[in-house]
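Protein chains in written order, with the working numbering: chain A, 43 to 385; chain B, 43 to 385. No residue lacks a Cβ here, since even glycine has one placed at the ideal position from N, Cα and C. These numbers come from a predicted model, not from an experiment. Contents: one structure, followed by commentary.
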DNA sequence: CTGAAAGCGCTTACAG
DNA sequence: CTGAAAGCGCTTACAG
């Protein structure tokens, strides 16, 4: 194929050019040719700009699929210049290094960079408000009357909350339903004396998991007991100590529903050290299904990738001025080796 | 200042243009003007290309400093096209979610993107070799006869090992010296019965820390005892269980040197549960000085940021074909509240 | 040893 | 509704 006006000398071509046409990734140029439009039009389609005839849009979309086109983020970023800076603001008291958060962050960064957005962490001021502002914000967790929410709303900065709160954009895992599923599973196996291992309840997710647990018990005619609620401090060590202490104090139970995999691991260790076998003597259910933690644990799987993707989706809606929405991401019971029928 | 040939209409300027000259970040253009050279020359200086007169280089460097210039990574990436892909290969058995690794990774990504490099993780094949190859590789940890080293050498792929091995580029914290410093500190406080809390010794860092510990003891005339070496499994829970068990079995000691902060936290919890006070009854030293873990812990601080930066520096040397070098990053004893004079 | 200029892949006024 | 063209900030043959 001879392109008129092609001035580049042969020397510029790399020596080892296996295939001439599909040289590297397809560009917006390739898509434009394929669809028979200009690059400008393709760009408008990519960015969902209004003012493209529906049929043209269709053609472009098809061409993109055919070529398996993915925009080059570097070029996009360079061109946009005024890059969208997305801030991440973490609720006070939330630890950064816990596995769940690390995974979420990984997915979030990935998701954002696909769109050419840059994530920066926003430290909190002493009054709990963000130190500075960005074009949009992801809030990880919120307290009961979190100042940041109204602060952002007043300044009409689009934001999405990982958690839930009336009247704002939010996304969260279905913690409540996870609590239900774990408990139903244990009830089904004949357990009635079920310990709930959690942390101090200033955290929405853990509150919801506990609520789901209690409601399910009551629906089955089992009264939740205050002394069955153990504080595992969200860590494996905390889970260990709480369970061990309960055991030493003579608390009797046949199952443990731990509100995180880490606490479940601690619980299992404590049971072992106290001469109890899992699942023969005591069944244990975790929550999260994190990699690298408790391989054979019966647990509630969260879709962290989906949560991150949804957060970004909602944020983009906010950036486009679309109405506030929220979404609940389903969880799923994964039955493995740490639960069994009550003896 | 009137620039001849300035064709851009006023309409293109943003409405809110506070200052006209220092509009946003300085570009390579600005540096070029400031230094009185062309952008090409500036670029050559930035990239350390040969063939720039020393005096010119100086001028450019100065101009960069004056303007506080930092290259735009998006533009760089777009222009380079053939971006350098750096692979990260983790030694088998290394957990990804441990805080130390998370921090290292954070710094590493940051460091690499400054140079427009992209980091991708390389999974291991079942034979331990990398699944695919990149332009350069960062190895995190290495086993005694790690196949990956010779594999990469054969293919002459530049790589840097976080750890140490003869004949290859490597960087590591001064683990041995950290072991010394921790032990000297305890000896100075009058302790002689010092437990060492570590993990199974298939890990260079932990071997070195233990070696430093033992050598220091012997130099002070104290014979290291086999029963003073406890397996804490690198986790707080493991540290707790190991120390608690030792205590229950009647092991006597006045101090613990834990080879990681996490194990130290577990150790302190176990001591507390067994009715011993820190540091009045037992002194505890950790290692790493991780954030969010044991705030008031006496520990050995590692400079993780420096390790990551050095890894990248060595890698760049490799990419330029320069001779193999290695570097040891110093550590530092931080005395806080968990150590005291022996009673 | 250095400068002028083309090009990386995208976006966006502007003109039609 | 769409195309032609300039521009984002950098790199790199090419020419001198």
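- For residue 348 of chain B, the CB contacts under 8 angstroms within the same chain, skipping 5 residues up- and downstream, are 371 in chain order.
- Contact between residue 255 of chain B and residue 238 of chain B holds: CB atoms are separated by about 6 angstroms, below the 8 angstroms threshold.
- In this structure, the alpha-carbon of residue 233 of chain A lies about 22 angstroms from that of residue 330 of chain A.
- Below the 8 angstroms Cβ cutoff, chain A contributes 139 as neighbours of residue 141 of chain B, in chain order.
- Residues of chain A whose Cβ lies closer than 7 angstroms to the Cβ of residue 308 of chain B are, in chain order, 279.
- Excluding the 5 residues flanking it on each side, residue 189 of chain A has same chain C-beta neighbours closer than 8 angstroms at 169, 170 and 171, in chain order.
- The alpha-carbon of residue 360 of chain A is positioned some 18 angstroms away from that of residue 162 of chain A.
- If only complete runs of 4 or more residues are kept, the region 234-261 of chain B shows the alpha helix (DSSP H) at 246-261, in order along the chain.
- Between the region 277-289 of chain B and the region 237-251 of chain B, the count of Cβ pairs shorter than 8 angstroms is three or higher; the stretches touch.
- For residue 218 of chain B, there are no neighbours in chain A by C-beta distance under 8 angstroms, as the nearest C-beta there is about 26 angstroms away.
- Just so you know, the alpha carbons of residue 298 of chain A and residue 83 of chain A end up roughly 58 angstroms apart.
- In this structure, the CA atom of residue 217 of chain B is about 48 angstroms from the CA atom of residue 268 of chain A.
- With contacts defined as CB atoms closer than 9 angstroms, residue 339 of chain A and residue 326 of chain A qualify as a contacting pair.
- Taking the Cα of residue 291 of chain B as reference, the smallest distance to any Cα among B:272, B:154 and B:108 is reached at B:272.
- Bridge partners of residue 327 of chain A according to DSSP: A:299 and A:340.
- Shown here, residue 362 of chain B sits in coil according to DSSP, grouped into three states, outside any helix or strand.
- When DSSP assignments are scanned along the region 68-133 of chain B, the uninterrupted stretches of alpha helix (DSSP H) that are 4 or more residues long and fall wholly within it turn out to be 70-77, 81-88, 96-109 and 115-122.
- Burial of residue 153 of chain A is indicated by the presence of at least 16 other C-beta atoms within 10 angstroms of its C-beta.
- Using a CB distance below 7 angstroms, no part of the region 150-162 of chain A faces chain B.
- The C-beta distance from residue 279 of chain B to residue 308 of chain B rounds to 6 angstroms, short enough to meet the 8 angstroms contact threshold.
- DSSP, read as helix, strand or coil, puts residue 180 of chain A in strand.
- Annotation for residue 266 of chain B: 256 and 259 place their beta carbon closer than 6 angstroms to its own, counting only its chain and skipping 5 residues before and after.
- Cβ-Cβ distances below 6 angstroms link residue 86 of chain A to 94 in the same chain, with the five nearest sequence neighbours on each side left out; the list follows chain order.
- Counting along the chain, residue 217 of chain B sits inside no beta strand (DSSP E); it lies in the alpha helix (DSSP H) bounded by residues 217-230.
- Rounded to whole angstroms, the separation of the alpha carbons of residue 68 of chain A and residue 111 of chain A is 6 angstroms.
- Taking C-beta atoms under 8 angstroms as the contact rule, residue 181 of chain A and residue 204 of chain A qualify, at a distance of about 7 angstroms.
- The three-state secondary structure of residue 166 of chain A, taken from DSSP, is strand.
- At least 9 angstroms separates the beta-carbon of residue 120 of chain A from that of residue 72 of chain A.
- Using a Cβ-Cβ cut-off of 8 angstroms, residue 133 of chain B is close to nothing in chain A; its nearest Cβ partner there is about 15 angstroms away.
- If you look at residue 272 of chain B, you'll find it in the beta strand (DSSP E) that goes 271-273.
- Closest in alpha carbon position to residue 157 of chain B, among B:354, B:374, B:380 and B:375, is B:354.
- For residue 132 of chain A and residue 164 of chain A, the gap between their C-alpha atoms comes out near 8 angstroms.
- Non-local beta-carbon contacts of residue 102 of chain B in its own chain, meaning distances under 6 angstroms to residues more than five positions away in sequence, involve 77, 84 and 87 in chain order.
- Chain-order list of chain A residues neighbouring residue 282 of chain B: 279 and 282, by C-beta distance under 7 angstroms.
- Taken through DSSP and simplified to helix, strand or coil, residue 313 of chain B comes out as helix.
- By DSSP's assignment, residue 374 of chain B forms a beta bridge with B:343.
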